[in-house]
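These notes concern the structure reproduced below.
In the numbering used here, the protein residues as written are 388 to 880.
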């Protein structure tokens with residue numbers, strides 16, 4: 388195993404792959420560096436002296452400026468490195484769109500719905516229109532588990548605190564997201580559970596849902612019936628019978644839509660896990676499939692890489708708006724745009740937002756950007772799509788699901804147990820995490836600095852995703868975890 392890694396030949400820092408003691412001499416290519424202090428795993432060591440105000444370079448790009456003189460062998464982190472980012476910027480389209488390779492077709496065992504869309508799960512979903520009926524929804528989830536059997540795999544309620552006392556974009560977000568959930572192909576049957584007096588009541592929500600299969604989607608307004616539990620169970624029994632009529636069948640991998648997200652990142656996330664997902668994305672796209680990248684604030688500092696991979700000037704302009712709209716969102720709430728890395732990120736070795744973003748965007752691989760989506764907008768174009776959503780893990784992963792992802796790939800250096808509405812594959816950036824939290828982690832990309840290449844891991848991950856798409860449960864599903872979170876931006880009445 389290597390001691391350190393220099394990611395790009397232009398870099399003036401390297402990343403420690405293990406804790407390194409003060410005074411160790413490290414061989415890095417054709418040079419040797421002796422450490423002047425301890426370097427924690429995932430953190431950066433200076434490969435040459437950097438004067439105060441000069442650029443610190445990682446991934447071949449600037450990740451900030453030195454706050455003070457940094458000597459060769461010194462630890463480089465938040466104490467001596469600061470962001471070089473400003474606020475709104477002017478961007479110029481400099482297209483660098485590599486052609487998309489084509490690969491052999493692969494298949495998985497999925498569920499073909501009557502509208503032609505494809506699910507990787509066959510579940511009953513109970514979706515409240517308002518937080519007031521959350522407890523009823525959870526009670527129904529427990530009782531309806533008695534209906535499981537045949538091809539019906541799970542019953543899941545998705546409680547949330549919204550649907551009433553909201554204004555403007557908040558109310559719109561709730562209605563759009565709930566409608567997207569109701570249409571999601573991983574659900575073989577959906578019970579929409581309303582109260583009756585809420586703003587986002589069932590008649591209003593139907594306008595957002597549009598056309599639907601009345602055998603697959605049923606509605607109950609609790610204020611209209613004497614015993615809502617009994618009435619709901621009758622509907623769930625009908626929905627279960629309908630859902631059991633679906634069975635898995637061979638489906639081309641070109642029908643897969645995979646969301647990509649990271650959280651609890653460390654200094655190895657941009658070296659192992661995220662590049663593995665990026666190579667997976669390129670592999671799936673080569674077979675005609677689709678991936679979605681989100682968490683816009685974690686594109687700041689690396690956005691021009693994505694902009695110049697846009698397939699057209701129109702998509703470039705959409706990406707500029709995607710970035711600037713989120714910056715304006717921050718400043719409209721009097722928040723600093725670039726104070727993003729969390730305490731956990733910093734402990735793991737990420738020093739600035741540029742550092743974090745350049746690692747984060749490794750998940751996009753090298754394919755051209757084919758689509759740019761608003762929050763809650765369904766994916767329409769195959770290939771790599773960018774989606775507007777915040778960095779929050781639960782909110783962003785939910786956003787990926789409602790835009791059409793049947794599975795979410797979630798890379799992490801520190802670990803997290805959360806789930807999303809769809810199978811959420813946890814990919815560790817380091818082997819220590821995979822061993823320690825085996826009950827959370829599904830795939831170990833930390834092997835890239837041990838005994839595997841990025842290409843080998845991407846192939847393994849592709850095979851694993853096909854298994855998940857064919858019914859293999861991820862760790863969060865085995866634990867019974869299913870989460871949903873709606874993006875809240877405004878006032879609660």
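For each residue, glycine too, the CB sits at the ideal point set by N, CA and C.
Which of helix, strand or coil does DSSP assign to residue 519? Note: residue 519 maps to helix in three-state DSSP.
Measuring CB atoms only, is the region 811-822 touching the region 647-658, in the sense that at least three cross pairs come out at less than 8 Å? Verdict: yes, contact present.
With distances taken Cα to Cα, identify the nearest neighbour of residue 520 among 582, 804 and 578. 582
With DSSP as the reference, please indicate the residues paired to residue 604 in a beta bridge. 577
Cβ-based burial, residue 637 [other Cβ within 10 Å; buried from 16]: exposed
For the region 423-432 against the region 713-720, are there 3 or more C-beta pairs whose distance is under 8 Å? no
Excluding the 5 residues preceding and the 5 following residue 707 in the sequence, name in chain order all residues of the same chain whose CB lies nearer than 8 Å to its CB. 478 and 694
Would you tell me roughly how many angstroms separate the C-alpha atoms of residue 678 and residue 665, rounded to the nearest one? Computed Cα separation, rounded: 10 Å.
When the Cα of residue 573 is compared with those of 562, 550, 543 and 551, which residue comes out closest? 543
Determine the DSSP secondary structure at residue 622, reduced to helix, strand or coil. helix
Assigned secondary structure, residue 500 (DSSP; H/G/I helix, E/B strand, else coil): coil
The region 436-446 touching the region 404-423, judged by at least three CB pairs closer than 8 Å: no
C-beta atoms of residue 587 and residue 550 nearer than 7 Å: Yes, these two residues count as a Cβ contact at 7 Å.
For residue 616, is the classification buried or exposed, using 16 other Cβ atoms within 10 angstroms of its Cβ as the cut-off for buried? exposed
So, with DSSP's three-state summary, where would you put residue 842? In this structure, residue 842 counts as helix in the three-state DSSP scheme.
Three-pair Cβ contact test at 8 Å for the region 770-777 versus the region 673-690: yes
For the region 777-861, list the alpha helix (DSSP H) runs that are entirely contained and at least 4 residues long, ordered along the chain. 780-789, 818-823 and 841-856
Contact between the region 611-626 and the region 556-563 is defined here as three or more beta-carbon pairs at a separation below 8 Å; is this criterion met? no
If you run the structure through DSSP and keep just helix, strand and coil, what is residue 658? coil
What separation, rounded to the nearest whole angstrom, lies between the Cα atoms of residue 606 and residue 566? 13 Å
Distance, Cα to Cα, residue 630 vs residue 540? 10 Å
Residue 529 burial status per 10 Å Cβ neighbour count (16 or more: buried): So residue 529 ends up on the exposed side.
Quick check: the region 492-500 against the region 847-861, are at least 3 beta-carbon pairs closer than 8 Å? Put simply, the region 847-861 touches the region 492-500. At least three CB pairs are less than 8 Å apart.
Backbone secondary structure at residue 494 - three-state DSSP: Residue 494: strand per DSSP, three-state reduction.
I need the boundaries of the beta strand (DSSP E) containing residue 636, first residue and last residue. For residue 636, the enclosing beta strand (DSSP E) covers residues 636-639.
Extract the residue ranges of the beta strand (DSSP E) inside the region 519-552, only unbroken runs of 3 or more that lie entirely within it. 541-544
Cα separation between residue 552 and residue 781? 22 Å
Please classify residue 596: does DSSP put it in a helix, a strand, or coil? The answer is helix: DSSP assigns residue 596 an H, G or I state.
Does the region 391-404 touch the region 444-456, meaning 3 or more C-beta pairs lie closer than 8 Å? yes
Closest to residue 748 by CA distance: which of 704, 689, 778 and 788 is it? 689
Going by C-alpha to C-alpha distance, which of 643, 546, 469 and 457 sits closest to residue 808? The candidate whose alpha carbon is nearest that of residue 808 is 546.
If residue 798 sits next to residue 660, beta carbons under 8 Å apart, how far is it from one beta carbon to the other, in whole angstroms? That pair is a contact at about 4 Å.
For residue 456, I'd like the list of residues in its chain whose CB is within less than 6 Å of its CB, leaving aside the five on either flank, ordered along the chain. Same-chain partners within the cutoff: 438 and 439.
Nearest residue (CA-CA) to residue 471, options 687, 487 and 555: 687
Judging by CA-CA distance, which residue of 800, 417, 670 and 568 is the nearest neighbour of residue 882? Residue 882 is absent from the model: the chain starts at 388 and stops at 880.
Where does the unbroken alpha helix (DSSP H) through residue 707 begin, and where does it stop? 700-719
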